[in-house]
Amino acid sequence: MHQHSGNNQALQVLETVFGYPAFRGQQAEIIDHVAHGGDALVLMPTGGGKSLCYQIPALLRDGVGVVISPLIALMQDQVDALAEVGVRAAFLNSTQTFEESSRIERQVRNGELDLVYVAPERLMTSRCLELLQASKIALFAIDEAHCVSQWGHDFRPEYIKLSVLHERFPQVPRIALTATADQQTRDEIAERLQLVDAHKYVSSFDRPNIRYQIVEKANGRKQLLDFIQSTHSGDAGIVYCLSRKKVEETAEFLSDNGIQSLPYHAGMKYEQRAANQARFLREDGIVMTATIAFGMGIDKPDVRFVAHLDLPKSIEGYYQETGRAGRDGAPANAWMTYGLQDVVQQRRMIAESEADETFKRVLGAKLDAMLGLCETLACRRMHLLDYFGQSSERCGNCDTCLNPPISFDGTVAVQKLLSTVYRVDQRFAGGHVIEILRGIETDRIKQWRHDQLSTFGIGAETSEAEWRAILRQVIALGLLAVDYESYSALKLTDAARPVLRGAQKAQLRQYQKPVKPRRESGKTKGYEESTLSVAEQALFDKLRWWRVETARKNNVPAYVIFHDATLRDIAKAQPRSIGDLRGVTGVGEKKLETYGEQIVALLAELV
Ligand code: ADP
Ligand code: ZN
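Numbering follows the numbering used here, with no gaps: position 567 of the sequence shown is 572.
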């Protein structure tokens, strides 16, 4: 990779302040551009290293860097993490007393801070804008910039007003950052934030250390428990559910089965939510069971899995949620159960929503893309990256690569299904139609004389689970629609005609009985963490204990002190002096000064 001239200063900050030897991906170029006063729009996947893209230019430029972030609950941790590396940072938000914010405002005015984090509502107040106008500003960083998008899943109305920054501070560089990759949102960000002329940096969105798995839902909760017990015992993870009620039930179910799990959703009291989030961040091995209200900006690096018990509404949402796994680059799993009920439920939510027709069409298209990912016979990662406009090869690290699904010509089965729907006048739901196909003489079937239909029993050789899998795919393919207004009756769509006539074939994914996940299947070959010897492992464990103690004393999350990767490197290098410790990845000057002696002493005791 070519380095820009004048970037030596940036590199020096990277080494001495953050303790990292080299920039990742496009960091060097972005930092150079912004440090020289340019505007930038940065699209980088979660874990790509976006923070340094504005933190280093803020340190290199005169004045304070203003970071606009919607995540009030996380500002404290962000500021603490910066303090750990010796950067002068603070935040302004509604959790502070008037005295506290007045003190921070004074520091901003006097040029005593490198970075200040502000929530967008706060920024828009005339008091705050006047403060900034009276201060020297190094740059504006607009974090989670996709919040400006009305089509997106995290829309924050205040974000739209952020265009005033360009008008009121035309000379201050602005950098907008997001992990959302689709073109539509990207264009919207550029337009609404008046960043059309900004330099756009689009990174590869691949997260090679994440293994994608989508399994057929049988008993979702039980499958989840098996997955966690067999692959992730003792690991930190996130489980996403659609509803608040399901969040609570699932958290309780996991806890009853010996997995430390906490709930999180927007219906909980703020204090309880914040407390659960703090525990998740600070303690090891907690599973957060949550709605999508949880997770934006959570930069806990060692989340080992993200599980979805319900179907996400879009690929963007799925990718962002699963992206919270494995930010540290070590192997992680994105696991999901998916079944007929998910398709029906999501389609119904769109149909019944208050949105206007255009918006419903957008939502429908996004859901269809998500269903396409679930039903694909090809590599999941290729499918995902393709959705974001990036071409790639089979990855070897997703379920369809590792265990290729069998596809079959399902045309005849689909025709049987469609013609049964036709014969019952499109007035009955899926369960009833499957019973007819399987030739089951229920009271209801006899009452309606459906045992007289020519299709009664023509699918008897196929199990109920298999029929459900076929029905799910037929609905996902859009050949049948569910009429929520009349008892979830199945209706034929226009797309069904060519299949019924035999003019078009239907290629389906064969139903596979759910199998118990095996421990090995969660570990990713090719992304293996380097193994530690027995002695090194003992040192590593010792260092982790030290880290827990230190984090508790300082009241910060453990990863703010050092990442696992850094502790591993220390366990391997076994430094005997402060000098040896310098140069270990993740050990900057400030941390060396604060913790160097303790670590050298700790190792001396043991080696
Ligand atoms: P993002 O905001 O893009 O999700 P972060 O800025 O939180 O990502 O960075 C993810 C992790 O990678 C952090 O722990 C960060 O310290 C680390 N990181 C970022 N840049 C580098 C680098 N150049 N070298 C080593 N680690 C890095
Ligand atoms: Zn793959």
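Idealized CB from N, CA, C, for every residue including glycine.
The structure displayed is predicted, hence computed values, not measured ones.
{"Query": "Is Q17 near the ligand ADP, in the sense that its beta carbon is under 7 Å from a heavy atom of that ligand?", "Result": "no"}
{"Query": "Kindly list the residues whose CB is nearer than 6 Å to the CB of L485, restricted to its own chain and excluding five residues on each side of it in sequence; keep chain order.", "Result": "V479 and L495"}
{"Query": "Using alpha carbons as the reference points, say which of L607, E149, Y343 and R216 lies closest to A330.", "Result": "R216"}
{"Query": "Could you tell me whether the segment 63-82 touches the segment 144-155, using the rule of 3 or more Cβ pairs below 8 Å?", "Result": "yes"}
{"Query": "Just to confirm the assignment, what range does the beta strand (DSSP E) spanning K205 have?", "Result": "H204 to V207"}
{"Query": "Tell me whether A27 counts as near the ligand ADP, meaning its Cβ is closer than 7 Å to at least one heavy atom of that ligand.", "Result": "yes"}
{"Query": "With a threshold of 16 other CB atoms inside 10 Å of the CB of V169, please say whether the residue is buried or exposed.", "Result": "exposed"}
{"Query": "Report the rounded CA-to-CA distance for C152 versus Y164, giving the unit in angstroms.", "Result": "6 Å"}
{"Query": "Can you name the start and end residues of the beta strand (DSSP E) that F657 belongs to?", "Result": "The requested residue 657 is not part of the displayed model; the chain covers only 6 to 612."}
{"Query": "Quick one: give me the first and last residue of the alpha helix (DSSP H) that H38 is part of.", "Result": "Q32 to A40"}
{"Query": "In three-state DSSP terms, what is E288?", "Result": "coil"}
{"Query": "For Q218, count neighbouring C-beta atoms within 10 Å of its own C-beta (all shown protein chains included) and say buried if the count is 16 or more, exposed if not.", "Result": "buried"}
{"Query": "Cα-Cα, which of A95, V367, P213 and N115 is closest to D67?", "Result": "N115"}
{"Query": "Is T405 near the ligand ZN, in the sense that its beta carbon is under 7 Å from a heavy atom of that ligand?", "Result": "yes"}
{"Query": "Buried or exposed: where does A360 fall if 16 or more other Cβ atoms within 10 Å of its Cβ makes it buried?", "Result": "exposed"}
{"Query": "Within its chain, find whatever has a CB closer than 8 Å to the CB of G43; leave out the 5 residues flanking it on each side and keep chain order.", "Result": "P178, A203 and H204"}
{"Query": "List the whole-angstrom C-beta distance separating A184 from Q325, where the pair is believed to meet the contact cut-off of C-beta under 8 Å.", "Result": "6 Å"}
{"Query": "Provide the residue(s) that pair with R216 in DSSP beta bridges, ordered along the chain.", "Result": "N338"}
{"Query": "Hey, which unbroken runs of the alpha helix (DSSP H) at 4 residues or more fall wholly within the segment 534-591?", "Result": "539-559, 563-566, 569-578 and 583-586"}
{"Query": "What is the residue span of the alpha helix (DSSP H) that Q325 lies within?", "Result": "I320 to T327"}
{"Query": "Going by the CB atoms, is the gap between I61 and L19 shorter than 8 Å?", "Result": "yes"}
{"Query": "I'd like to know if the segment 229-236 and the segment 399-407 are in contact, where contact means that at least 3 CB-CB pairs between them fall below 8 Å.", "Result": "no"}
{"Query": "Among R226, Y245 and A434, which one has its Cα closest to the Cα of L259?", "Result": "R226"}
{"Query": "Just the Cα atoms here: how many angstroms apart are F364 and M375?", "Result": "17 Å"}
{"Query": "Could you tell me whether the Cβ atoms of P562 and D82 are closer together than 8 Å?", "Result": "yes"}
{"Query": "Does DSSP put L482 in a helix, in a strand, or in coil?", "Result": "coil"}
{"Query": "How big is the Cα-Cα spacing for G344 and G483?", "Result": "15 Å"}
{"Query": "Using a threshold of 8 Å, state whether the C-beta atoms of T590 and P26 are closer than that.", "Result": "yes"}
{"Query": "May I ask you to report which of helix, strand or coil DSSP gives K496?", "Result": "strand"}
{"Query": "With which residues is C403 paired in a DSSP beta bridge?", "Result": "Y217"}
{"Query": "Can you tell which of S582, D585, L608 and T599 has the C-alpha that lies nearest to the C-alpha of R549?", "Result": "L608"}
{"Query": "Does the separation of the CB atoms of A511 and V426 fall below 8 Å?", "Result": "no"}
{"Query": "Compare the beta carbon distance of Q395 and F210 with 8 Å and say whether it is the shorter of the two.", "Result": "yes"}
{"Query": "Is D85 helix, strand or coil by DSSP?", "Result": "helix"}
{"Query": "Mind checking H41: buried by the 16 CB within 10 Å criterion, or exposed?", "Result": "exposed"}
{"Query": "Just to confirm, are V69 and L118 a CB contact at a threshold of 8 Å?", "Result": "yes"}
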